[in-house]
Amino acid sequence: MVVRRFKSFTVAAFSLFLLLFSVPAISQEDGHATAHESADEKGFNAAEVIFGHVLNGHEFHFFNISIPLPVILYSPERGLSAFMSSKFHHGEHPHKGYMLLTEHSIKEMGLDPKKFSPDEIVAVNNGKIDPAVTVYDFSLTRNVVQMILATFIFIWVMLRIAKRYKSGVGVTTAPKGSQSFMEPIITFVRDEVAKPNLGHKYHKYLPFLLSVFFFILINNIFGLIPGSANVSGNIAFTLVLGVVAFVVILASSNKHYWGHIFNPPGVPIGVKFILVPVEFLSVFIKPFALIIRLFANMVAGHIIIICLISLIFIFGELSSIAGWGATPLAVGFTIFIYFIEVLVAFLQAFIFTMLTAVFIGQAFEGSHDDVDHHADPAIV
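Heads up, the sequence shown is in this note's numbering, so the first residue is 1002 and it goes up one at a time.
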């Protein structure tokens, strides 16, 4: 039953995904050009579509409908300002002395693309950026809103499952509903991730590992829903997770861990001058690898999917025959990649959790002589 529902969800989500990118393109083709298009902006802009989906934003897009999000700004010179992002009219008009930058406005105002990026809010005065005004942006962007929603849903599901276990469902009887889906995953993380890498201390770290696993997983799954934000494909999201893992790793370390870094045993003194800096850098490289691995894998899949869909409209601009001819191939590959992304969503959550457990285990393990004495007999 759970597998059938999951298949239905993925098919429905992918169908909605195709419609999401098809409707705006068809409407543009029928209208040939909108009123606010300039000569160099006519036609399908694949880069704008790709980065518009991957990057953060101040609104959600479902079909041709935009859902604005709250903009919260603070400036020491102007005070606190709060309004909806729709007041910017997609970056075409300033509001309350602030402007939402777009690729077009950056070019029109002659701004340096290295210093200013699309979807950034800046203070303006008479149509020009006011450098005398400092802006602190606390807006609820789509990444933030979606992450909050995903967190609330995750907490609600877990509390609901815990309530069932307290009532005896799943303890004296077989698990039901969401329990039957979540229990094998929790057991898998415990038996295949926590116990082999953390030994007898796995109870201490299991809540952290489960929280990391499900938090990444639920945001990965949410990112596959058309019109949603790719939260786990945002470097800020993976950076925070990597920093949290880094703090836990350091808090779990002991003297043997640092002793092997700054004074590797059994190594000639001449080699230590080379090995010690490398070992010390590895302390920071480990969380950095976690950050980049999750970010790169999640953002790459979304870019591939949108690129494949964009091929339809790119060939369609050459000729309608080429567009229709490319459609079956593009759609076929997109369906294949989409289902691969569902697997990647689970796989990347597992890899991040597994590597975190490995690094924590390395941090608190003792010398080579006493590892076996501290191991859990049940695991060995």
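Ideal Cβ placement from N, Cα and C applies to all residues, glycine included.
- In this chain, residue 1114 is not harboured by any beta strand (DSSP E), its DSSP state being neither H nor E.
- A distance below 8 Å between beta-carbons, with the five flanking residues on each side excluded, links residue 1170 to the following residues of its chain, in chain order: 1176, 1177 and 1180.
- The C-beta distance from residue 1075 to residue 1139 rounds to 7 Å, short enough to fall under 8 Å.
- Apart from the 5 residues on each side of it in sequence, residue 1317 sits with its Cβ closer than 6 Å to the Cβ of 1324 in its chain, given in chain order.
- When the five nearest sequence neighbours on each side are left out, the beta carbons in the same chain lying within less than 7 Å of the beta carbon of residue 1263 are those of 1277, in order along the chain.
- With 16 or more other Cβ atoms from the protein chains shown falling within 10 Å of its own Cβ, residue 1302 counts as buried.
- Taking a cut-off of 8 Å for Cβ pairs, the segment 1238-1247 and the segment 1291-1302 touch, as three or more such pairs fall below it.
- Per the C-alpha coordinates, the member of 1251, 1143 and 1092 positioned closest to residue 1365 is 1251.
- Excluding five sequence positions before and after residue 1312, the CB atoms of its chain that fall closer than 6 Å to its own CB belong to 1327 and 1331, given in chain order.
- In this structure, the CA atom of residue 1146 is about 28 Å from the CA atom of residue 1130.
- C-alpha of residue 1232 to C-alpha of residue 1221: approximately 7 Å in a straight line.
- Residue state for residue 1228 is assigned as coil, using DSSP reduced to three classes.
- In this model, residue 1088 and residue 1158 are separated by some 36 Å (Cα to Cα).
- Beyond the five residues adjoining it in sequence on each side, residue 1122 comes within less than 6 Å, by CB distance, of 1099, 1101 and 1138 in the same chain, given in chain order.
- Beyond the five residues adjoining it in sequence on each side, residue 1097 comes within less than 6 Å, by CB distance, of 1082 in the same chain, given in chain order.
- If you look at residue 1082, you'll find it in the beta strand (DSSP E) that goes 1080-1085.
- Collapsing the DSSP output to three states places residue 1124 in a strand.
- Counting C-beta pairs closer than 8 Å gives fewer than three between the segment 1354-1363 and the segment 1333-1341, which falls short of the contact rule.
- Shortest Cα-Cα distance from residue 1119 to any of 1307, 1309 and 1092 involves 1092.
- The Cβ neighbour count for residue 1078, taken over all protein chains shown within 10 Å, is under 16; the residue is labelled exposed.
- The beta carbon of residue 1057 is closer than 6 Å to those of 1142 and 1144 in its chain, skipping five residues each way along the sequence.
- Secondary structure note for residue 1076: its beta strand (DSSP E) is the uninterrupted segment 1071-1076.
- Residue state for residue 1138 is assigned as strand, using DSSP reduced to three classes.
- The distance from the Cβ of residue 1195 to that of residue 1210 is about 6 Å, consistent with a contact at the 8 Å cut-off.
- In this structure residue 1193 is exposed. Its beta-carbon is surrounded by fewer than 16 other beta-carbon atoms within 10 angstroms.
- In the three-state reduction of the DSSP assignment, residue 1257 falls in the helix class, which pools H, G and I.
- By alpha-carbon distance to residue 1095, the top candidate from 1114, 1113, 1126 and 1069 is 1126.
- By the criterion of a C-beta distance shorter than 6 Å, residue 1254 is surrounded in its chain by 1364, once the five residues flanking it on both sides are discounted.
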